[in-house]
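Here the sequence shown is numbered in the numbering used here, starting from 1 and rising by one per residue.
Here is the structure we will look at.
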Amino acid sequence: MTPEDLAALRRAVQALEYPGFAARLTDMVGKPIELIGHALPASASNAITAATSKGLELALKVALQTMQRTPHAGSQLLHKALAAASGAAGGAFGLAALPIELPISTIIILRSIADIARSEGEDLSNPESALSCVEVFALGGRDGSVDASESGYFAVRGMLAMSVTEAARFIAERGVIKEGGPVLVRFITQVASRFGAVVTQKIAAQALPVIGAVGGAVVNYAFIEHFQDMARGHFIVRRLERAYGETFIQTEYKRMVQDH
1 MTPEDLAALR
11 RAVQALEYPG
21 FAARLTDMVG
31 KPIELIGHAL
41 PASASNAITA
51 ATSKGLELAL
61 KVALQTMQRT
71 PHAGSQLLHK
81 ALAAASGAAG
91 GAFGLAALPI
101 ELPISTIIIL
111 RSIADIARSE
121 GEDLSNPESA
131 LSCVEVFALG
141 GRDGSVDASE
151 SGYFAVRGML
161 AMSVTEAARF
171 IAERGVIKEG
181 GPVLVRFITQ
191 VASRFGAVVT
201 QKIAAQALPV
211 IGAVGGAVVN
221 YAFIEHFQDM
231 ARGHFIVRRL
241 ERAYGETFIQ
251 TEYKRMVQDH
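Quick look at the structure:
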């Protein structure tokens, strides 16, 4: 590997194996993330599950529509500003705003992820590449109680591999997207199960009385920055896999994790 690619892989390992969203929230509100969770009412779980699935369904539609039109360059700062604005609404109106705010935030983040994917050489007219953008939402959802062997980057990709392959084949064969296709539903369900963990942290932080509208914007800024980091790491790894082969990159990646 070239020194530049070796350095890029190290950055990817740092981003993907040691995600910083929980730490960002802890620094922001001055208490550990486990304590933040107690701010949520018991009824929040169903609302978060429903909003997470809806947000990902809309993100999938946007990702697949992106396949059908000419790409254009976006601004990561613009995406962060838009996400912060939607977060301000979430912070001001709390859990009641979740069904509207989270899908909007998810689509804004997806746009940002797509820009990062293109910058790392992905062809988003390819269904598998488009689905890989949505796959990013499943990354970085680990918490301290989860076995690292089940939540590491390649473990998550392995868990999603069959769903991604089947969904990409389904899209390529049909040429159009049928809502509710079983393979697409399965893919969304798997991603949502992990995305929901990060969403819960976000909503819990926004629910704190000291947060409010301004804090809600800051939380959402950290939220999109977290997934931009995940996307950059993910698409660096995919770019290097195309250049050097999947087996070699996976071996190097795991060696870097062990040496950390």
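The C-beta atom is built at its ideal place from N, Cα and C for all residues, glycine as well.
Small disclaimer: the values here were computed from a predicted structure and weren't measured.
- Closest in alpha carbon position to E135, among M159, S125, Q206 and L240, is M159.
- If you compare the alpha carbons of M230, A47 and I108 with that of R157, the shortest gap goes to M230.
- By the CB criterion at 8 Å, P103 and G152 fall outside the cutoff.
- Contact between the region 105-118 and the region 217-237 is present: three or more C-beta pairs spanning the two stretches fall below 8 Å.
- Contact between the region 244-258 and the region 4-14 is established, with three or more Cβ pairs separated by less than 8 Å.
- Annotation: D123 is outside any alpha helix (DSSP H) and is labelled neither H nor E by DSSP.
- Within the same chain, and ignoring the five residues on either side of Q190 in sequence, the residues whose Cβ sits closer than 8 Å to its Cβ are A138, M159, L160 and S163.
- Across the structure, T52 and A155 are spaced so that their CA atoms are roughly 22 Å apart.
- Taking V62 as the centre and dropping the five residues before and after it, the same chain places the C-beta of I107, L110 and R111 closer than 8 Å to its C-beta, in chain order.
- Short of 7 Å from the beta carbon of G196, and not among the five residues preceding or following it, lie these beta carbons of its own chain, in chain order: I48, T49 and T52.
- Closest option to P19, judged by alpha-carbon separation, among E225, I249, L240 and Q65: E225.
- Assigned with DSSP and collapsed to three states, T2 falls in coil, not helix or strand.
- A172 places its beta carbon 8 Å or farther from that of L131.
- Proximity to S125 across L64, E101 and S119 peaks at L64, based on C-alpha coordinates.
- For S45, the closest C-alpha among the options A222, S129 and V199 is that of V199.
- The closest CA to that of F227, considering only A205, P99, I100 and D115, is found on D115.
- Bounds of any alpha helix (DSSP H) do not take in Y18, whose DSSP letter is neither H nor E.
- Distance from the Cα of Q14 is smallest, within the candidate group I236, F248 and G245, for I236.
- Of the other Cβ atoms in all chains shown, fewer than 16 fall within 10 Å of the Cβ of R242; this residue is therefore exposed.
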